[in-house]
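Working notes, beginning with the structure itself.
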Ligand SMILES: CC/C=C\C/C=C\C/C=C\CC/C=C/CC(=O)SCCNC(=O)CCNC(=O)[C@H](O)C(C)(C)COP(=O)(O)OP(=O)(O)OC[C@H]1O[C@@H](n2cnc3c(N)ncnc32)[C@H](O)[C@@H]1OP(=O)(O)O
């Protein structure tokens, strides 16, 4: 029965051929998200799929969807006889499923995610083509599941591979288990799965989890593929299905139940705790390695910095699942680059629509799928079509998170990443979280823990008051006024509301650039003793006072207060040489 279906499938693929795949099938194509590319060789009939989703080729919903679609298309492409999966990352083939998809998941998305994972596995495991994995880096969990779904595995020495799900407190799905058993046998599988074993390539070879070791797995796969392609496709394909048919059938029969189990299992409190701990360990391991704090946010900031380097173009980075109106306006103003983050609550359909609509207009459109949000926070009324009056570079970061590990983002990071020669760059950092704790780190690495009301909170860094004049709706709005009201009373608020006190500060600041740095801090602290720990309040309060106050001066107060390292001193030096100061 199964074989009959297979034959029918192969026959129908013949008729579908040409419809399913674009005419320009040969050559190199990139995925919509630029997360992988396909190089189809006309001469050999072999397509190489190279995954390139930084930092770890972790499989999130969108990545799986696109990859799966590409594989399904290749499966139907008559001229394609072989597929090789590999990675362009230097040390990771695939880190498996994106853990963030399973940690604090959105039910609908979780369901879609698992369905797509089942789908890609089926597309690979039941592919009529010869499929090989050139495993040129680590390949744990889902990475190994993918590799096990191929026909032949060649791995680079030293890297690790295995189904380590139990290490995360989760369980590999039955169909992955079955595919492992089929490759390394029942006893070895049971042992490996229970212990969540990760094997080095050398160990993996010994237990037949991989077929070969090579310093150049891709080349080795291409060579090996030629041997496989010497045989008639139909005989090889039918033999493959004879071997795998029962596993595929079992998976198809059980996939609904498997999905139900998965969506029930993952959100369980104990599982979530285990995943949270695993994630923390993953991050802190990295922190130790780099001796620096690296978070998703920092990654985003790094990418932004990279893009900002081309500041001759109007550049706009739009992060957050807003409604795309900003992006639209930016197109009108000649903007060339957009980066969008999406998150669990994002309206997928809408994001896709934005992406499709804008793809042709932007040179670059990147989505950061891992950002997360717990509450939508809309910037009211940014639809005014007045962006053409904007300065060259505008950066808007919308970082919404309830994940404490991500909250190390701070003024420090931003200021370090956006050097002062972007003086006209308005940087807005909007956050909205219900977490009660935010960690602020200033340049001295001093950590200040600050309690924040569990309502929406926004902090903003405004480097250019002209911009505010040009974005009417970013002037203090009811929303922000409301936010200000929920701020606890503070010395800083006092300072900014008290005209006399503020004047005193202003007068002082007008002079202070000529004074030695060491003398500045005590003086500011005399005006406002807890200034350093009031950064957030200050930023918010500034909005309320936008009409009356000179932002640059205010900005400089907290810039100075929060800093006392060489970097800041340099900034001060630059500032002090500016005419406007
Ligand atoms: C009773 C039964 C009931 C139900 C059964 C039903 C269903 C089954 C239920 C559940 C099944 C779920 C199946 C899951 C399969 C999976 O794939 S789970 C994912 C497991 N993956 C891992 O454990 C790998 C974790 N990563 C690593 O070990 C290392 O990153 C790796 C060795 C791959 C590379 O190391 P290195 O080169 O040092 O890189 P970094 O560790 O620094 O990583 C770079 C950045 O990437 C982030 N990252 C890594 N892996 C992931 C990931 N899988 N997801 C998300 N993010 C990942 C990492 O944090 C770094 O980020 P940073 O730069 O710090 O921001």
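Residue numbers (the numbering used here): 1313 to 1893.
We put the beta carbon where it would ideally sit given N, CA and C, even for glycine.
Every unbroken stretch of the alpha helix (DSSP H) spanning 4 or more residues and falling wholly within the segment 1392-1440 is given here in chain order: 1411-1414, 1419-1437.
For residue 1566, the secondary structure class from DSSP, reduced to helix, strand or coil, is helix. Residue 1501 and residue 1478 have their alpha carbons spaced roughly 13 Å apart.
Judged by pairs of C-beta atoms under 8 Å, the segment 1403-1418 touches the segment 1366-1377, as three or more such pairs exist. In the DSSP assignment, residue 1499 falls within the alpha helix (DSSP H) that extends over 1498-1507. Look at residue 1370 here: in three-state DSSP terms it is coil, with no helix or strand label. Contact annotation: residue 1361 and residue 1397 have beta-carbon atoms nearer than 9 Å.
Take the alpha-carbon of residue 1466 and the one of residue 1377: they are about 25 Å apart. Annotation for residue 1539: no beta strand (DSSP E) segment contains it, though the alpha helix (DSSP H) segment containing it runs 1529-1540. Spatial neighbours of residue 1437 in its own chain (CB-CB distance under 7 Å, excluding positions within 5 residues in sequence) are listed in chain order as 1461, 1491, 1556, 1560.
By alpha-carbon distance to residue 1536, the top candidate from 1395, 1384, 1364 is 1395. Within a 10 Å sphere around the beta-carbon of residue 1549 sit 16 or more other beta-carbons, which makes this residue buried. When the five nearest sequence neighbours on each side are left out, the beta carbons in the same chain lying within less than 7 Å of the beta carbon of residue 1338 are those of 1352, 1354, in order along the chain. Membership of residue 1457 in the alpha helix (DSSP H) is indicated by the continuous run 1454-1460. Rounded to whole angstroms, residue 1575 and residue 1441 show a C-alpha spacing of 32 Å. Per DSSP, reduced to three states, the secondary structure at residue 1516 is helical. By alpha-carbon distance to residue 1458, the top candidate from 1482, 1423, 1431, 1554 is 1431.
In this structure, the C-beta of residue 1476 approaches ligand 1 to less than 8 Å from one of its heavy atoms. Look at residue 1356 here: in three-state DSSP terms it is coil, with no helix or strand label. Remark: three or more beta-carbon pairs, one from each stretch, lie closer than 8 Å, so the segment 1503-1510 and the segment 1466-1475 are flagged as touching. Residue 1564 is a Cβ neighbour of residue 1434, given a cutoff of 9 Å. In this structure, the alpha-carbon of residue 1520 lies about 6 Å from that of residue 1496.
Pairing residue 1586 with residue 1481, the inter-Cα distance amounts to about 6 Å. Ligand 1 never approaches residue 1375 closely enough for any of its heavy atoms to be under 8 Å from the residue's Cβ. The three-state secondary structure of residue 1547, taken from DSSP, is helix.
Between residue 1366 and residue 1571, the C-beta gap is not smaller than 9 Å, which leaves the two residues out of contact. Judged by their CB atoms, residue 1463 and residue 1443 are nearer to each other than the 9 Å cut-off. Per DSSP, reduced to three states, the secondary structure at residue 1446 is strand.
Relative to ligand 1, residue 1424 has its C-beta separated by 8 Å or more from all heavy atoms. Between residue 1451 and residue 1445, the C-beta gap is smaller than 9 Å, which places the two residues in contact.
Distance from the CA of residue 1581 to the CA of residue 1589, rounded to the nearest whole angstrom, comes to 12 Å.
With a threshold of 8 Å, the Cβ atom of residue 1595 counts as near ligand 1, since some heavy atom of the ligand is closer than that. Between residue 1530 and residue 1448, the C-beta gap is smaller than 9 Å, which places the two residues in contact.
Straight through space, the alpha carbons of residue 1455 and residue 1554 are spaced by roughly 25 Å.
Each residue's CA atom was taken as its position, placing residue 1543 and residue 1384 some 22 Å apart.
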